[in-house]
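Below is one structure, written out as structure tokens; comments come after it.
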Amino acid sequence: DAKTTQPNSMESNEEEPVHLPCNHSTISGTDYIHWYRQLPSQGPEYVIHGLTSNVNNRMASLAIAEDRKSSTLILHRATLRDAAVYYCILFAGNMLTFGGGTRLMVKP
Amino acid sequence: DAMVIQNPRYQVTQFGKPVTLSCSQTLNHNVMYWYQQKSSQAPKLLFHYYDKDFNNEADTPDNFQSRRPNTSFCFLDIRSPGLGDAAMYLCATSRDRRRLAADTQYFGPGTRLTVL
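Protein chains in written order, with the working numbering: chain W, 184 to 291; chain L, -17 to 98.
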């Protein structure tokens, strides 16, 4: 399975935008880029996914580099409820394989 | 609301005593998954069902088994729990494995298993 690399942790101030990076230099042409997050003591929650074009939904935006070797999850205004572990996952019609994720801490 | 339900949320068992965790879904999804998540680690897939077709991950120990009697329910059986099996067990569903790469998985809240 193609691998992803994410920073272990990041900090943000409340109500400021957050950019969570993910490197996936071995991505193949059919791999979708998925983001899930896991709030404390809860199961993972789908955030967003994309293939080539940037994507927006009510939770976040996903910016995908032109060569697809990296992507960035953008939370436009972080709230305290966004404090979670964010997982970037490459998905190619096989199973979700979670990597280490980024622990996002949001400061009031 | 349609959802993935796991019962119980917390389960305590004794070393070597069989335990069953349950998952139900109201989403009518074809695919159901079981993940194991140990403390401070990412979830790790154990196996999944596509309809009634069972698919085991290569490194899932034989101690772990699963049953899916119907579309809505799926069970995780641990035949002889060891101390190393203490973890959060997560159930998830998705609509259709054939378009899995573009599909979404819906997770339950998990069952935290303690082995004494």
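For glycine and all other residues, C-beta sits at the position ideal for the given N, C-alpha and C.
| said: In whole angstroms, give me the CA-to-CA distance for Leu273/W and Leu279/W. | reply: 7 Å
| Simplified DSSP assignment, three categories, for Gly66/L | helix
| message | Please state the DSSP three-state secondary structure of Leu95/L. | response | strand
| message | Taking the alpha-carbon of Asp67/L as reference, which of Ala74/L, Thr(-5)/L, Asn52/L has the nearest alpha-carbon? | response | Thr(-5)/L
| query | Given a limit of 9 Å on CB to CB distance, which residues of the region 12 to 44 of chain L reach chain W? | reply | Tyr15, Tyr17, Gln19, Gln23, Ala24, Pro25, Lys26, Leu27, His30, Asn37, Glu39
| query | Can you tell me where the beta strand (DSSP E) with Leu258/W in it begins and where it stops? | reply | 253 to 258
| query | Should Asp78/L and Asn12/L be called a contact, given that it needs their Cβ atoms to be closer than 9 Å? | reply | yes
| If you draw a straight line from the alpha carbon of Lys34/L to that of Arg94/L, how long is it in whole angstroms? | 26 Å
| Nearest-angstrom Cα separation, counted from Phe281/W out to Ser208/W | 16 Å
| message | Using DSSP's beta-bridge definition, name the partner residues of Thr(-5)/L. | response | Val97/L
| said: Does the distance between the C-beta of Gln(-7)/L and the nearest non-hydrogen atom of the ligand GDP fall short of 8 Å? | reply: Only the bare structure without any ligand can be found here, which leaves the ligand GDP out of the picture.
| Proximal residues to Glu194/W (C-beta, below 6 Å), its chain only, five neighbours per side dropped | Met288
| request: Let me know if Gln(-12)/L comes out buried or exposed under the rule of 16 or more other beta-carbons within 10 Å of its beta-carbon. | output: buried
| said: Taking a contact to mean a Cβ-Cβ separation below 9 Å, would you say Ala261/W touches Asn196/W in this structure? | reply: yes
| request: Look at Cys71/L and Leu9/L and say whether their C-beta atoms are less than 9 Å apart. | output: A quick correction: the sequence has Tyr, not Cys, at residue 71/L. Cβ atoms of Tyr71/L and Leu9/L: not closer than 9 Å.
| request: Could you give the DSSP three-state label for Asp59/L: helix, strand or coil? | output: strand
| query | Secondary structure at Leu9/L, three-state DSSP: helix, strand or coil? | reply | coil
| task | Name the one or two DSSP bridge partners that Asn38/L has. | result | Phe29/L
| field | Euclidean distance between Cα positions of Gln189/W and Gly90/L | value | 25 Å
| Which whole-angstrom value describes the C-beta separation of Tyr270/W and Tyr219/W, a residue pair presumed to lie in contact below a C-beta threshold of 8 Å? | 5 Å
| query | Ordered along the chain, which non-local residues of its own chain (more than five positions away) have a Cβ less than 8 Å from that of Thr187/W? | reply | Cys205, Asn206, His207, Cys271, Ile272, Leu273, Gly282
| message | Using only the alpha-carbon positions, how far apart do Arg241/W and Ser62/L sit? | response | 44 Å
| Can you tell which of Asn237/W, Glu199/W, Gly233/W has its C-alpha closest to the C-alpha of Thr213/W? | Gly233/W
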